[in-house]
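Scroll down for the structure; my scribbles are underneath it.
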Amino acid sequence: MDHNPAAQTTGSDGARPQAGVMQVISPHTEEPIAEVNAAGPDDVDSAVAAARAAFEPWGRSEPAQRIATILRLADIYDRRRAEMATTITAEIGAPISFAQRAQVGLPAFMMRAFCDLAERHPWQETRPGFFGSDVHVRREPVGVVAAIVPWNMPQFLIVTKLVPALLAGCTVVLKPAPESPLDALLLAEMIAEAGLPPGAVSILPGDGTLGAYLVAHRGVDKVSFTGSTTAGRAVAASCAPNLTKVSLELGGKSAALVLDDASPDKVAAGVRSASLSNSGQICNALTRVLVPQARHDEYVDALAAEMSGLRVGDPNDPDTQLGPLVSRRQQQRVRDYIQIGQDEGARVIVGGTDMPDGLDRGWYVRPTLFASANNTMRIAREEIFGPVITVIPYRDDEEALAIANDSDYGLAGSVWSNDADRALAVATHIHTGTVGVNQGYTMDPFAPFGGVKASGYGRELGPEGLDSYLDTKSIAIAPKS
11 MDHNPAAQTT GSDGARPQAG VMQVISPHTE EPIAEVNAAG PDDVDSAVAA ARAAFEPWGR
71 SEPAQRIATI LRLADIYDRR RAEMATTITA EIGAPISFAQ RAQVGLPAFM MRAFCDLAER
131 HPWQETRPGF FGSDVHVRRE PVGVVAAIVP WNMPQFLIVT KLVPALLAGC TVVLKPAPES
191 PLDALLLAEM IAEAGLPPGA VSILPGDGTL GAYLVAHRGV DKVSFTGSTT AGRAVAASCA
251 PNLTKVSLEL GGKSAALVLD DASPDKVAAG VRSASLSNSG QICNALTRVL VPQARHDEYV
311 DALAAEMSGL RVGDPNDPDT QLGPLVSRRQ QQRVRDYIQI GQDEGARVIV GGTDMPDGLD
371 RGWYVRPTLF ASANNTMRIA REEIFGPVIT VIPYRDDEEA LAIANDSDYG LAGSVWSNDA
431 DRALAVATHI HTGTVGVNQG YTMDPFAPFG GVKASGYGRE LGPEGLDSYL DTKSIAIAPK
491 S
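Structure below.
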């Protein structure tokens, strides 16, 4: 794959990072497809300084000006959607159909939706004060933002941080994952074309060491991090000495709570989509399926039928439904969990630890369905991040809710029923940041997204996501004498 390394940073002087070279490996062929210049601490220092210099003019600009700039970026993004989709498929192995529809289609849509939110946002308001004078309330940009994103949904996660931050008037230093720098660097080219001021956005490829240096930097005013819970704890600890604002979107172990009147076929189709898209490498995937004990086998049979017919293979084939996992390490991790599930006594209905049929290379894992599991098993408690679904029976609604909430995580969940009102009533008792009714939770640009418990804190999307990049200032005026 051809790659233009000159687009790696849009900092003050456009200089390339110079801390070594990273190889990007195809998860499908296991062969290198690109080399990228890696950034180091000096590059972070330069990028943060450039962001600080750009903050004054950008942060003081009118919201309408910032909106116009992002709309230009959205137009450029639309013209290069096909290129972006093939780039993401090459670097992380997402099936091209999924890359076009979700990995790229959603970010393109989100950009304009965020602009719509910004147009309607209450940037300033006047309130009658208690003591007889008016109080002016202003929402002002927090400053320089460090944004760190993982590899699984790279453009979606970049856009949900970068665009609200820019619309708020912040400047951004972005570190993509080492597995997926190419799409971020392609976005850097678009940002430069859109006409953002020099230093407003810097994109610095690098590993976790670079990320640790960035989040601890005294020149950073806000950190927005998406990744594992383990890494999130380290990020929070690094932010504490400087009292840096931080939002964390971390792991999940989401439950699909299936009520006894739900159609097995509808549940199976919906859960398959919400659990196995992107080969299960999605933080809010429905990985625990809680079904009434009396109908356990019906739901298992329906899920098995859905999963048995999945087409696993070359992500460049438009008919492929599941591609490889992102790395050899991730492949081995998921296979280890499949073996753990068998050792713990869960029944493998579909899948297993061997390679999918017809494949002899690539970091593939067979989509695997476990049945007759319980919530004490590691496959029910730990985030696997692969195409693995665990079915857990329950006796009654009270036990179902107890199982759903018996998790260290609290990112998402869902309730399935032929009676939407009944499902909604149950959903209110699920202790997660988001819940879907008769669907996996679909991220809506107008609604907040985020977790509780070990799934993190802070919110992205919606007005709440925009507010996370704003400070609130009150200005009180003395009463006229």
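Residue 11 is where the sequence shown starts when you use the numbering used here, and the numbers rise one by one after that.
Glycine included, each C-beta is placed from N, C-alpha and C at the ideal position.
Check	Outcome
My output table needs one value for Gly472: the three-state DSSP class, helix, strand or coil.	helix
Can you tell me where the alpha helix (DSSP H) with Gln341 in it begins and where it stops?	Arg338 to Glu354
Just checking my contact of Trp426 with Ala266 at CB under 8 Å: how many whole Å lie between their CB atoms?	6 Å
At what residues does the alpha helix (DSSP H) containing Met200 begin and finish?	Leu192 to Ala204
Within the same chain, show all residues whose beta-carbon is closer than 6 Å to that of Asp270, passing over the 5 residues directly before and after it, in chain order.	Pro302
CB Ala156 to CB Leu224, shorter than 8 Å?	yes
Can you tell which of Lys263, Asp431 and Pro458 has the C-alpha that lies nearest to the C-alpha of Ala414?	Lys263
Would you report the Cα separation of Pro473 and Ala49, rounded to the nearest angstrom?	33 Å
Can you have a look at Arg89 and say buried or exposed, based on whether 16 or more other CB atoms are within 10 angstroms of its CB?	exposed
When you compare only the Cα positions, how much space is there between Gly142 and Thr482?	21 Å
Which stretch, first to last residue, makes up the alpha helix (DSSP H) that contains Trp68?	Pro51 to Arg70
What does the Cβ neighbour count give for Ser491, buried or exposed, with the cut at 16 atoms within 10 Å?	exposed
To the nearest angstrom, how far is it from the Cα of Ala60 to the Cα of Val154?	10 Å
Got a sec, what are the start and stop residues for the beta strand (DSSP E) Ala265 sits in?	Ser264 to Val268
Nearest-angstrom Cα distance between Val299 and Ile394?	14 Å
Around the C-beta of Val281, are 16 or more other C-beta atoms found within 10 angstroms, so that it is buried, or is it exposed?	buried
Based on Cα-Cα distance, which residue from Thr452, Arg371 and Arg137 lies nearest to Glu40?	Arg371
Per DSSP, Gln33 forms a beta bridge with which residues?	Glu45
Check whether the region 103-117 and the region 459-470 are in contact - that is, three or more C-beta pairs closer than 8 Å.	no
Can you round the beta-carbon distance between Ser287 and Thr297 to whole angstroms, since I take them to be within the 8 Å contact cut?	That belief does not hold up - the Cβ atoms of Ser287 and Thr297 are roughly 12 Å apart, past 8 Å.
Where does the unbroken beta strand (DSSP E) through Ser212 begin, and where does it stop?	Val211 to Ile213
Kindly give me the distance between the Cβ atoms of Thr99 and Leu206, rounded to whole angstroms, as I take these residues to be in contact under 8 Å.	Not really, about 27 Å apart at Cβ, beyond 8 Å.
Use the C-beta contact count for Ile213: other C-beta atoms within 10 angstroms, 16 or more gives buried, fewer gives exposed.	buried
Determine, for Arg321, whether the minimum Cβ-Cβ distance to residues of chain D falls below 8 Å.	Within the model displayed, chain D is absent; a lone protein chain is all it includes.
Is the number of C-beta pairs between the region 365-382 and the region 333-340 that are closer than 8 Å three or more?	yes
Please classify Pro164: does DSSP put it in a helix, a strand, or coil?	helix
Taking all protein chains shown into account, decide if Ile487 is buried (16 or more other Cβ within 10 angstroms of its Cβ) or exposed.	exposed
Spatial neighbours of Ala457 within its chain, please: CB distance less than 7 Å, with the 5 preceding and 5 following residues excluded, ordered by chain position.	Leu471 and Gly472
Which residues mark the beginning and the end of the alpha helix (DSSP H) in which Gln75 is found?	Pro73 to Arg89
Residues in its own chain within less than 6 Å of His146 by CB, not counting five upstream and five downstream?	Thr136 and Ile485
Helix, strand or coil: how does DSSP classify Pro15 here?	Model confidence at Pro15 stands at a pLDDT of 34, short of 50, so the residue's coordinates are unreliable; what they give is reported in the following sentence. Residue state, collapsed to three classes: helix.
Do you know how far the Cα of Arg345 is from the Cα of Arg391?	16 Å
Mind checking Gly446: buried by the 16 CB within 10 Å criterion, or exposed?	buried
So, do the region 167-187 and the region 226-237 have three or more beta carbon pairs nearer to each other than 8 Å?	yes
Using the three-state DSSP reduction, which class does Thr240 fall into: helix, strand or coil?	helix
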